[in-house]
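Protein chains in written order, with our numbering: chain A, 5 to 128; chain B, 5 to 128.
To start, the structure under review is shown below, and the notes come after it.
There are 2 protein chains.
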Amino acid sequence: MNSKINIPIALKNITNHFSPKIIGEVNDVYIKIVKILGEKVPWHNHKNEDELFYVIKGSLLFEIEGKDSFIMNKGDLFTVRKGINHRVSSDKECEIMLIENKTTAHTGDVKSEITKSIAHQILE
Amino acid sequence: MNSKINIPIALKNITNHFSPKIIGEVNDVYIKIVKILGEKVPWHNHKNEDELFYVIKGSLLFEIEGKDSFIMNKGDLFTVRKGINHRVSSDKECEIMLIENKTTAHTGDVKSEITKSIAHQILE
């Protein structure tokens, strides 16, 4: 992972939804890309870690427990703080970048049908 | 910094070149945007920290000491490893995102005319 990577090209090669792929790393952080279509992300939180969302294409519905939900559009960036229950969904395909600690589990402590280990997030 | 921010709009409000602005944070990391035009970035390194570059608009010439230089285009992402001497430039305006530790000085230990403190990197 010491050479440059083109994110739009990497996204073209991703066919599965809800399956984050690591496309970069910097210090203790992974940069991931993921396609969202539908509502399969379970409510979850990351006890000790913030998680950053950046929308590359499309729109994302962001829900936070006890707060008004909101839409993130292309170019929008938002950080959900540690311990905050959240979930994201989209009724049309949405492409996002995630910035999170290498230790962060993408569905928190919740195991669901979309949960992937870090080994399964390596870009082929 | 707990609400969403739109990066293209934030970029429109930045008029100075070589002046990184913090537009997000996640754990120990700042997300910054900066416009590059010309060759004012001095050769420098970050002794203990990697630094990630992501091109939002335009093209960036990336030079690494002792290696072939290369061009980064829109959508390209590259991490320069800690301790590696590097500099970036562009003959046309280029818009980039930086992902780096909160402790990272943007021109390393080098003080140049473009060097900004973290206080001067806060988005107004």
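A virtual CB, placed ideally from N, CA and C, is assigned to each residue, including glycine.
Just so it is clear, the structure is predicted and the values come from calculations on it, not from any experiment.
When the Cα atoms are used, Ser73/A and Lys71/B turn out to be separated by approximately 48 angstroms.
As for any beta strand (DSSP E) of minimum length 3 sitting wholly inside the stretch 76-121 of chain A, the runs are 80-84 and 90-105, ordered along the chain. At a cut-off of 8 angstroms between beta-carbon atoms, Ile40/A makes no contact with chain B.
Asn105/A sits buried, since 16 or more C-beta atoms from the chains shown fall within 10 Å of its C-beta. Interface residue (Cβ-Cβ distance to chain B less than 8 angstroms): Ile68/A is not classified as such. When the alpha-carbon of Asn52/B is set against those of Val30/A, Asn89/A, Ile18/A and Ser93/A, the nearest one is in Val30/A. Ranked by Cα distance from Val45/A, the options Lys96/A, Thr119/A, Ala123/A and Glu128/A are led by Thr119/A.
DSSP places Leu15/B inside the alpha helix (DSSP H), whose first and last residues are Ile11 to Lys16.
In the structure shown, His48/A adopts extended strand secondary structure according to DSSP, grouped into three states.
The beta carbons of Glu43/B and Ser93/B sit closer together than 8 angstroms. Within the same chain, Glu55 and His90 come within 6 angstroms of Val84/B by CB-CB distance, once the 5 residues on both sides are set aside. Not a single C-beta of chain A is nearer than 8 angstroms to the C-beta of Pro24/B. Each residue's CA atom was taken as its position, placing Val59/A and Ser116/A some 23 angstroms apart.
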